[in-house]
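Count the sequence shown with my numbering and you get residues 17 to 75, in order. C-beta: ideal position from N, C-alpha, C; glycine also. Down below is the structure, laid out as structure tokens.
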Amino acid sequence: MIKRKSFFTRFLFKRKLCPVCQSEDIILDAAGHTGKYKCLNCNYIGVLILEKIIKEKKE
Ligand SMILES: [Zn+2]
Numbered sequence: 017m018i019k020r021k022s023f024f025t026r027f028l029f030k031r032k033l034c035p036v037c038q039s040e041d042i043i044l045d046a047a048g049h050t051g052k053y054k055c056l057n058c059n060y061i062g063v064l065i066l067e068k069i070i071k072e073k074k075e
């Protein structure tokens with residue numbers, strides 16, 4: 017028996033944050049064609065976003 021869950025235990029998550037209000041409600045504008053992001057919280061639109069890397073430690 018092989019437990020395949022261990023494959024995901026040390027995954028790095030990148031979370032996108034709005035540079036204005038630091039909300040996580042960020043989506044790709046125009047389905048990614050423009051490469052711009054849109055914040056659903058403050059309606060910020062631009063290429064600049066904050067990225068927060070979260071290390072999950074689950075054994
Ligand atoms: Zn925002």
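Extent of the continuous beta strand (DSSP E) to which residue i belongs
i     : result
ILE69 : 66-71
LEU33 : 28-33
CYS55 : 53-55
Burial state of residue i, where buried means 16 or more other Cβ atoms lie within 10 Å
i     : result
CYS37 : exposed
CYS58 : exposed
LYS54 : buried
Inter-residue CB distance, residue i and residue j (contact presumed, cutoff 8 angstroms)
i     : j     : result
ILE42 : ILE65 : 6 angstroms
Beta-carbon proximity list for residue i, same chain, < 7 angstroms, skipping 5 on both sides
i     : result
ASP45 : LYS52, TYR53, LYS54 and ILE61
Contacts around residue i, its chain only, beta-carbon distance under 8 angstroms, and the 5 residues preceding and following it disregarded
i     : result
LYS33 : Note that residue 33 is Leu in the sequence shown here, rather than Lys. Hits under 8 angstroms: SER39, GLU40, ILE42, ILE65, LEU66, GLU67 and LYS68.
Pocket of ligand 1 defined by Cβ to heavy atom distance under 6 angstroms: CYS34, VAL36, CYS37, SER39, CYS55, ASN57, CYS58 and TYR60
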